[in-house]
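Visitor: Before we start, here is the structure in question, set down as C-alpha cells.
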Amino acid sequence: MKEPPIEVSILINSQIFARGVEQVVVELARDDVLVHQHSVAEATAAMAAGRINILVLDTELAPQLERALSEQENPPKIVLISEWRHAGTNLPVEEDLPCGFFPARAPESRLKYYLSLMIDCERRNLSEGGCRDCPLPHSLKPRHLLLTRRESEVFRLLGSLQTNQEISDLLNVSPKTIEAHCANIKRKLNVNNSRELLHAAINWVEGR
Numbered sequence: 001m002k003e004p005p006i007e008v009s010i011l012i013n014s015q016i017f018a019r020g021v022e023q024v025v026v027e028l029a030r031d032d033v034l035v036h037q038h039s040v041a042e043a044t045a046a047m048a049a050g051r052i053n054i055l056v057l058d059t060e061l062a063p064q065l066e067r068a069l070s071e072q073e074n075p076p077k078i079v080l081i082s083e084w085r086h087a088g089t090n091l092p093v094e095e096d097l098p099c100g101f102f103p104a105r106a107p108e109s110r111l112k113y114y115l116s117l118m119i120d121c122e123r124r125n126l127s128e129g130g131c132r133d134c135p136l137p138h139s140l141k142p143r144h145l146l147l148t149r150r151e152s153e154v155f156r157l158l159g160s161l162q163t164n165q166e167i168s169d170l171l172n173v174s175p176k177t178i179e180a181h182c183a184n185i186k187r188k189l190n191v192n193n194s195r196e197l198l199h200a201a202i203n204w205v206e207g208r
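For the sequence shown, UniProt numbering begins at 1 and goes up steadily by one.
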C-alpha cells in the first residue's frame with residue numbers, strides 16, 4: 001500500500017518569508033511531499049486531523065499553538081524560525097517538541113538541509129528517544145559563551161529576571177558567591193556594570 005504524502009505546514013508571520021520557505025520545500029523536488037501555508041486556525045485544525053508531519057513554526061506564533069501541540073498524541077516534527085540569532089534558553093514550546101532552530105538571516109542552504117533531513121527521517125512524526133544521532137537538535141543550543149558551567153547557570157537566571165538573592169537560594173550558595181560569579185561574567189563578557197550585565201543576560205536568554 002502506498003504511503004500517504006508527507007505534509008509540511010508553514011506557519012510564519014511574514015507572507016514573503018513563508019513563500020520563500022515554501023519555495024525551498026518545492027526545490028527539494030519530492031513527489032511524496034505536500035506543502036501548505038497555514039494560519040494558526042488552519043494549522044490547529046490540520047494537526048487535530050493528523051495531517052501535519054512537519055511544522056515550520058515562527059517563534060512569535062508558537063505560543064498560540066501551545067495548547068494544540070500539548071493535545072497531540074503524535075505531534076509533528078517542528079523547526080522553529082526566528083529573527084533572533086539563536087534559540088535562547090526559553091523555547092516558546094515544550095523543550096522536547098522542536099527538532100531544530102533556524103535563524104532567519106542564516107543561509108537558505110541551511111534551511112534546505114534541515115528540511116531534507118526532516119523529510120527523509122524514517123519517523124513520520126516526532127518520537128521519544130529516536131533523535132540522538134540527528135544533527136538538528138544541536139541547532140537548539142544557545143550561543144556558546146566562554147563561561148564556566150556555574151557562571152552560565154547564573155547568567156541564565158539573571159536573564160530570566162531572578163535577583164541575586166533568588167539565584168543564591170536556587171543554587172544553594174551564598175550571595176557573596178553569586179556576586180563573585182557576576183564579577184567574573186562581567187570581566188569575561190567585557191561589560192561595565194550590573195545594568196549592562198542584566199541587558200546582556202536577557203538578550204542571551206531570548207536568543208538575541
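Glycine is no exception: its CB is placed at the ideal position from the N, C-alpha and C atoms.
Is DSSP giving I178 helix, strand or coil here?
Guide: In this structure, I178 counts as helix in the three-state DSSP scheme.
Visitor: Taking all protein chains shown into account, do 16 or more other C-beta atoms lie within 10 angstroms of the C-beta of N53, making it buried, or fewer, making it exposed?
Guide: Result: buried.
Visitor: Is DSSP giving L55 helix, strand or coil here?
Guide: Of the three classes helix, strand and coil, the one that applies to L55 here is strand, per DSSP.
Visitor: Alpha helix (DSSP H) containing G159: first to last residue?
Guide: Residues 149 to 159.
Visitor: Pick from H36, L65, R85: whose alpha carbon is nearest that of R208?
Guide: The shortest C-alpha separation from R208 is found at R85.
Visitor: Using the C-alpha atoms, what's the distance from E3 back to L140?
Guide: Their Cα atoms are separated by approximately 30 Å.
Visitor: According to DSSP, simplified to helix, strand and coil, what is I167?
Guide: Three-state DSSP puts I167 in a helix.
Visitor: Do you know whose CA, among T177, L136, P142, lies nearest V154's CA?
Guide: Nearest of T177, L136, P142 to V154, Cα basis: T177.
Visitor: Are L11 and L61 close, meaning C-beta to C-beta below 7 Å?
Guide: Yes, the Cβ-Cβ distance between L11 and L61 is below 7 Å.
Visitor: DSSP beta-bridge partners for E7?
Guide: Answer by DSSP bridge pairing, in chain order: L34.
Visitor: Beta-carbon separation of V24 and L111 under 7 Å?
Guide: It is a contact, given that the beta carbons lie within the stated cut-off.
Visitor: Does the segment 111 to 123 come close enough to the segment 73 to 82 to have 3 or more Cβ pairs within less than 8 Å?
Guide: Contact between the segment 111 to 123 and the segment 73 to 82 is present, because at least three Cβ pairs lie under 8 Å.
Visitor: Tell me whether the beta-carbon of L57 lies closer than 7 Å to the beta-carbon of P76.
Guide: Contact flag unset, no.
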